[in-house]
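Reading through the structure tokens given below for one structure.
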Amino acid sequence: MEFRNRVSLLGGVNFALGGGSIVNGCAWTRGAKVDYDAWAEVVGDKRWSYKSQLPYFTKTEAWYKKSASHGLDGKLHVESPMSTGRLYPLAAQNRHNGARQLANLACPLDGFTLLTDVLVESVLTDESAGLRATGVRPADGAEHRGKDVILCAGAYRTPQLLMLSGLGPRDVLSRHGIRTKLDVPGASQNFNDHILAVSELGVRAGVVAPAVGRAAVRDGDAGQLRGLDDGAGRQGCGPRWRATGETDPDRHPLLRTSASTAG
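So the sequence shown is numbered by my numbering: it starts at 1000 and just counts up by one.
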């Protein structure tokens, strides 16, 4: 990805059974209700509204406690740090007994024919009566057809597959010599990514280091993070952090006693 200041970032994708559940942060969350309702209004189909999608959300999950908006009998277990006694900044995670839960192991694949090391090149379509997807063509030229076709190739590859199949902005397809089957100006547009850079550091008691992150953990105007010992053997910035409202210094990654003690 290239930005206006000519900085390029490598956007990694995961090619493995289980998809993002192999490499993600296990965070279990849903999109905003207002977005689902807006989509339903745009396409004129209430089935895309949050209320209509909620039964499918709850069907997938085994929530860690009874909840009116979460399921209990799904295949994917969801735990909170407090429900398992762990110290971690995320509220809910797709974990089972603390371990990462892989989607391909949690959900049965009975009746599936699974092909690995296969790169899909395009979606096969039938244009005799409108435009209907009938299968996919891998890069080796083989054709796999079926009653229904579901694209779930991720945020990068899904719109790319649509365009390679002739479904996308006509001007873009023409530049690449792809025949336009359906002019979809919005395909591949309005992509938003959330870039996350995480830094964690431990400060040994008596050691002064340059401060990073929130101003709340800065040591006065000097902009320093000072290692402290609270008398109970715990090291970190506990007293200063508690002044901002945090009651347990071990709840924050910068303050955990398990952080590195390298000076």
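Glycine is no exception: its CB is placed at the ideal position from the N, C-alpha and C atoms.
Since I believe residue j is in contact with residue i (beta carbons under 8 Å), could you give me their beta-carbon distance rounded to a whole number of angstroms?
{"i": "D1036", "j": "S1048", "result": "5 Å"}
{"i": "N1103", "j": "G1176", "result": "That pair is no contact at about 36 Å."}
{"i": "M1162", "j": "L1150", "result": "Wrong, their Cβ atoms sit about 12 Å apart, outside the cutoff."}
{"i": "T1133", "j": "R1144", "result": "5 Å"}
{"i": "V1148", "j": "P1168", "result": "That belief does not hold up - the Cβ atoms of V1148 and P1168 are roughly 21 Å apart, past 8 Å."}
{"i": "L1075", "j": "A1105", "result": "5 Å"}
{"i": "K1180", "j": "L1113", "result": "Contact doesn't hold; Cβ gap of about 29 Å is too wide."}
{"i": "G1073", "j": "R1085", "result": "Going by Cβ atoms, the distance from G1073 to R1085 rounds to 21 Å, so no, they are not a contact pair."}
{"i": "V1122", "j": "L1160", "result": "6 Å"}
{"i": "T1124", "j": "S1187", "result": "About 18 Å; that fails the 8 Å criterion."}
Just to confirm my understanding: we take residue i, look at its own chain, exclude 5 residues before and 5 after, and list those with CB closer than 7 Å. What are they?
{"i": "N1191", "result": "none"}
{"i": "T1083", "result": "G1097"}
Please return the same chain residues whose Cβ sits closer than 8 Å to the Cβ of residue i, not counting the five positions on each side in sequence.
{"i": "G1070", "result": "F1056, T1057, K1058, T1059, E1060, A1061, W1062"}
{"i": "G1230", "result": "Low local confidence applies: a pLDDT of 43 at G1230 is under 50, so the model's placement there is unreliable, with the coordinate-based value given in what follows. Nothing listed; no residue qualifies."}
{"i": "A987", "result": "As shown, the chain starts at 1000 and ends at 1262. That puts residue 987 outside it, with no answer to give."}
So, helix, strand or coil for residue i, using DSSP?
{"i": "V1041", "result": "helix"}
{"i": "T1028", "result": "coil"}
{"i": "G1017", "result": "coil"}
{"i": "S1094", "result": "It should be pointed out that residue 1094 corresponds to Arg in this sequence rather than to Ser. Correct three-state label for R1094: strand."}
{"i": "G1153", "result": "helix"}
{"i": "P1158", "result": "helix"}
{"i": "V1101", "result": "Per the sequence shown, residue 1101 should be read as Leu rather than Val. Here L1101 sits in coil by DSSP."}
{"i": "V1148", "result": "coil"}
{"i": "P1054", "result": "helix"}
Are there 16 or more other CB atoms within 10 angstroms of the CB of residue i, so buried, or fewer, so exposed?
{"i": "Q1092", "result": "buried"}
{"i": "L1166", "result": "buried"}
{"i": "R1174", "result": "exposed"}
{"i": "E1142", "result": "exposed"}
{"i": "S1066", "result": "exposed"}
{"i": "R1094", "result": "buried"}
{"i": "S1068", "result": "exposed"}
{"i": "E1126", "result": "exposed"}
{"i": "V1042", "result": "exposed"}
{"i": "E1078", "result": "buried"}
Who are the Cβ neighbours of residue i in its own chain at under 6 Å, not counting the five residues just before and after it?
{"i": "S1020", "result": "L1101, A1102"}
{"i": "R1239", "result": "Here R1239 scores only 38 on pLDDT, less than 50, and its place in the model is too uncertain to base an answer on."}
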